[in-house]
Amino acid sequence: MPVQLLLGLIVVLVVFAVVRAYAPERTLLAGVVLGLGALALLAVDSRALLSLEFWVGLIGFAAILSALLVVIHPNPMVSILFLIVNLFCIALFYLILQAQFLAALQIIIYAGAIMVLFLFVVMLLNLKTEVGLHVAGGPQRWGALLLGAAFTALLFHAIRGRLDQAYVESGMFDSSFGAARGVGGLLFSKYLFAFEAASLLLIAAMIGAVVMAKRKVR
Amino acid sequence: MDPNVARVLVESAVKIALFFFVVLTAVAYMTLVERRVSAWIQDRQGPNRVGPFGLLQPLADGIKFLFKEEITPPHVYRPVYLLAPLLIFVPALVTFSVIPIGPPVELFGRTVRPQIADVDNGVLIILALSAMGVYGVALAGWSSNSKYSLMGGLRSSAQLISYELAMGLSIVGVLMAAGSLRLNDIVERQAEHGWNILWQFPGFLIFLTAAFAETNRLPFDLPEAETELVAGYHTEYSGMRFSMFYMAEYVNMITASALAATLYCGGYHVPGLRLLGLPPLASALAQVLAFCLKVGFFLFVYVWVRWTLPRFRYDQLMNLGWKVLLPAALLHVVWVSFVVLMGWS
Amino acid sequence: MMRVEFFLFIAALLFAIGCVGVLIRRNAIVILMCIELMLNAVNLTFVAFAHENQSMTGQVFVFFVMTVAAAEAAVGLAIVIALFRRRLTTDVEDASLMRW
Numbered sequence: 003m004p005v006q007l008l009l010g011l012i013v014v015l016v017v018f019a020v021v022r023a024y025a026p027e028r029t030l031l032a033g034v035v036l037g038l039g040a041l042a043l044l045a046v047d048s049r050a051l052l053s054l055e056f057w058v059g060l061i062g063f064a065a066i067l068s069a070l071l072v073v074i075h076p077n078p079m080v081s082i083l084f085l086i087v088n089l090f091c092i093a094l095f096y097l098i099l100q101a102q103f104l105a106a107l108q109i110i111i112y113a114g115a116i117m118v119l120f121l122f123v124v125m126l127l128n129l130k131t132e133v134g135l136h137v138a139g140g141p142q143r144w145g146a147l148l149l150g151a152a153f154t155a156l157l158f159h160a161i162r163g164r165l166d167q168a169y170v171e172s173g174m175f176d177s178s179f180g181a182a183r184g185v186g187g188l189l190f191s192k193y194l195f196a197f198e199a200a201s202l203l204l205i206a207a208m209i210g211a212v213v214m215a216k217r218k219v220r
Numbered sequence: 445m446d447p448n449v450a451r452v453l454v455e456s457a458v459k460i461a462l463f464f465f466v467v468l469t470a471v472a473y474m475t476l477v478e479r480r481v482s483a484w485i486q487d488r489q490g491p492n493r494v495g496p497f498g499l500l501q502p503l504a505d506g507i508k509f510l511f512k513e514e515i516t517p518p519h520v521y522r523p524v525y526l527l528a529p530l531l532i533f534v535p536a537l538v539t540f541s542v543i544p545i546g547p548p549v550e551l552f553g554r555t556v557r558p559q560i561a562d563v564d565n566g567v568l569i570i571l572a573l574s575a576m577g578v579y580g581v582a583l584a585g586w587s588s589n590s591k592y593s594l595m596g597g598l599r600s601s602a603q604l605i606s607y608e609l610a611m612g613l614s615i616v617g618v619l620m621a622a623g624s625l626r627l628n629d630i631v632e633r634q635a636e637h638g639w640n641i642l643w644q645f646p647g648f649l650i651f652l653t654a655a656f657a658e659t660n661r662l663p664f665d666l667p668e669a670e671t672e673l674v675a676g677y678h679t680e681y682s683g684m685r686f687s688m689f690y691m692a693e694y695v696n697m698i699t700a701s702a703l704a705a706t707l708y709c710g711g712y713h714v715p716g717l718r719l720l721g722l723p724p725l726a727s728a729l730a731q732v733l734a735f736c737l738k739v740g741f742f743l744f745v746y747v748w749v750r751w752t753l754p755r756f757r758y759d760q761l762m763n764l765g766w767k768v769l770l771p772a773a774l775l776h777v778v779w780v781s782f783v784v785l786m787g788w789s
Numbered sequence: 357m358m359r360v361e362f363f364l365f366i367a368a369l370l371f372a373i374g375c376v377g378v379l380i381r382r383n384a385i386v387i388l389m390c391i392e393l394m395l396n397a398v399n400l401t402f403v404a405f406a407h408e409n410q411s412m413t414g415q416v417f418v419f420f421v422m423t424v425a426a427a428e429a430a431v432g433l434a435i436v437i438a439l440f441r442r443r444l445t446t447d448v449e450d451a452s453l454m455r456w
């Protein structure tokens, strides 16, 4: 069953992380034992590897874990690397959701250009691991966590309200859905004004960024 | 397991193993080819003692690298330091998975395409992977925690992203002509209407220049020149890890040559092969051989330019990328769109 | 086929994590990264709904969201660099001249 396999692999990962955190000298032993355990789990239930639920669950787990590490890790460079992992997971989701063009665009634009920009800024400013308080102190911290929990609960409640609707069957899909041709067709006909406005926005942002980051000539 | 799924998996596994083996052997022999051709250009003999015509030299070099001491300096940020060579090596190899080596052929009662992944947006995958290659360089420079590496990494990654734009725009010309992002469609269109290099020659030159810059080869190899910044982003690497950077550079060269052959020189197409009336298997093999010859020619051009031109200074390099190649590529896109609209191609 | 609600749950969780990140972290660059996380969660929602309703409009909107995210990241980082030159820190608690 895909859910059991996924939970089993997550348990293996958590045990490995705990061992590495609290008993680093046993890392190799733990790695070997847990690796064999993971392989045994996969061998017992290899049918689940072919089910979509397993892969969506695995990629979802990776996305959420990397997002948590972006927020928690004190070193900004490592945060960037985990955000890149997250962007990759989301690109994989796009592939599953029949948005091939967007998946490639996500890698090219987000992971390949925007994150490189972040990387450059961190390298230029030479930001190191933050010692001391890298999160806001006291009441702001607990308030933010409470707000996050409440917001998540609200969103989950809103999504659960939809669960009684029927979902789409696999035979209904057009094979050219999500290709570049579809997006391009809409962009140049129905959304042409937005497209041109977006290009103006990019020019404005480019000029603004160059002016802001330039050294002032004294 | 479903027999169809099993068949696809086995076919893909065989293709991947074959491509991997062939590309890595080609990388090993590129080192020898580089040394022999540079020697020929400089009117001297290259390595010709190890084996007949020096053909076992790459083997000797490989063994030497295995025995070199691998020093990991204590001041590096270890997880990223160990990851960076992989981040350069893997995208270069994966790009090869969308390039078609030959025409579809009937083997074991089934149509087999000599291409690992026949995706509908192959060109976008190539652009995406070349964008990922920037990370290896930048992270290698940053994780080494030394000022030479950081500066070398910054300069090299700035060079890479600058020339990515010109390369992408020159590819747009090819895409407009073919009307599809699929590499097989691009090759088939060139088979019918003539190779793209004939009527998109400026785009080809822009692509070739950008490819030279993307692979960090002379005349654009300032970030890794020995006289500048010690050795740039791979200063702190030694032994097997340094050889990963070295091999990654050659894999990038082979990939760029294969791209130039596919996008501009007709890929596996041989003009006039149909007139010979060969049996399909022999014709397919001839086309695969033609592809390999085209890639070999571009690799020779790479080595030839390296030992002919002097190196660009960094500001000259950035100037060329932003102020010369980018406007030229934009004009080229306008020109190609005009030609396609008029129906002249 | 996958139920679309699963993707909505994941997107909601990512959005909430991004929100908490913006409120909790003190490094300006990490705050910008959490904003990118939120934008990605929204993109995932759009693509999930586009898949469910078989309408390409959702994907076109994602295209525009990516464009705006790129522009906003560039300008935001330029502002962070300009601030850094003055104060030599990226801590947002230090940019407090106009606070009450």
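So the sequences go chain by chain: Z, P and Y. Just so you know, we're using this note's numbering here: the first sequence kicks off at 3 and counts up by one. Just so you know, we're using this note's numbering here: the second sequence kicks off at 445 and counts up by one. Just so you know, we're using this note's numbering here: the third sequence kicks off at 357 and counts up by one. In this text, a Cβ means the ideal position worked out from N, Cα and C, and glycines have one as well.
LEU551 of chain P is bridged by DSSP to P:ARG554.
Non-local beta-carbon contacts of ASN77 of chain Z in its own chain, meaning distances under 6 Å to residues more than five positions away in sequence, involve THR131 in chain order.
Taking all protein chains shown into account, VAL631 of chain P has 16 or more neighbouring C-beta atoms within 10 Å of its C-beta and is therefore buried. The residue from P:LEU594, P:LEU530, P:LEU583 and P:TYR712 with its alpha-carbon nearest to that of GLU636 of chain P is P:TYR712.
Exposed is the label assigned to GLY33 of chain Z, since fewer than 16 other Cβ atoms lie within 10 Å of its Cβ. Under the Cβ distance rule, LEU388 of chain Y counts among the residues neighbouring chain Z, one pair being separated by less than 9 Å. Contact note: VAL124 of chain Z reaches chain Y through ILE385, using a C-beta cutoff of 8 Å and chain order. Under the 8 Å Cβ criterion, the region 675-690 of chain P does not count as touching the region 714-728 of chain P, having fewer than three qualifying pairs. About 17 Å separates the Cβ atoms of VAL123 of chain Z and GLY377 of chain Y, ruling out a contact at the 8 Å cut-off.
Taking a 10 Å sphere around the C-beta of LYS738 of chain P, we find 16 or more other C-beta atoms and assign the residue as buried. Contact between PHE63 of chain Z and ILE12 of chain Z holds: their C-beta atoms lie close to 6 Å from each other, under 8 Å. Within chain Y, the residues whose beta carbon sits less than 7 Å from that of ARG143 of chain Z are ILE380, listed in sequence order. Contact annotation: VAL436 of chain Y and LEU127 of chain Z have beta-carbon atoms nearer than 9 Å.
Distance from ALA200 of chain Z to THR423 of chain Y at the Cβ level is roughly 5 Å; contact confirmed, criterion being Cβ atoms closer than 8 Å. If you check the CB distance, GLY580 of chain P and THR679 of chain P do not come in under 9 Å.
From the listed residues Y:LEU379, Y:PHE362, Y:VAL448 and Y:THR445, the smallest Cα separation to ALA397 of chain Y is found for Y:PHE362.
Interface flag for TRP766 of chain P against chain Z is unset, since no Cβ pair is found closer than 9 Å. One thing to note: ALA669 of chain P has its Cβ within 9 Å of the Cβ of ARG755 of chain P.
Look at the region 603-618 of chain P: the residues with a C-beta under 7 Å from a C-beta of chain Z are ILE605.
With distances taken between CA atoms, ASN640 of chain P lies nearest to P:GLY617 out of P:PHE744, P:GLY617 and P:VAL467. In this chain, the alpha helix (DSSP H) harbouring HIS407 of chain Y covers 384-409. Closest in alpha carbon position to THR446 of chain Y, among Z:LEU107, Z:LEU71 and Z:LEU129, is Z:LEU129. The DSSP-derived three-state label of ARG49 of chain Z is helix. Under the three-state reduction of DSSP, ASP505 of chain P is assigned to helix. By the C-beta criterion, the region 503-513 of chain P is judged not to be in contact with the region 575-591 of chain P, since fewer than 3 inter-stretch pairs fall below 8 Å.
Leaving aside the five residues that flank THR659 of chain P on each side, the residues in its chain whose CB is nearer than 6 Å to its CB run, in chain order, ASN696, MET697 and ALA700.
The DSSP assignment places complete alpha helix (DSSP H) segments of no fewer than 4 residues inside the region 20-99 of chain Z at 29-46, 54-74 and 78-98, in order along the chain. Within the region 84-103 of chain Z, the residues whose Cβ lies closer than 8 Å to any Cβ of chain P are, in chain order, ILE86, GLN102 and PHE103. Against ASN565 of chain P, the close residues of chain Z are GLN102, PHE103, ALA105, ALA106, ALA181 and ALA182, in the order they occur along the chain (beta-carbon pairs closer than 9 Å). When the beta-carbon positions are compared, ALA101 of chain Z and ALA426 of chain Y stay at least 9 Å from each other. At a cut-off of 9 Å between beta carbons, SER601 of chain P contacts chain Z. For PHE190 of chain Z, there are no C-beta contacts with chain Y under 9 Å, since the nearest C-beta of that chain is about 10 Å from it. For VAL454 of chain P, there are no CB contacts under 6 Å within the same chain when 5 residues up- and downstream are skipped. Counting of Cβ neighbours within 10 angstroms places THR29 of chain Z among the exposed residues, the total staying below 16. GLY180 of chain Z places its beta carbon less than 9 Å from that of GLN415 of chain Y. Considering only beta carbons, the part of the region 395-409 of chain Y lying closer than 8 Å to chain Z consists of ASN396, ASN399, LEU400, VAL403, ALA404, ALA406, HIS407 and GLU408, in chain order.
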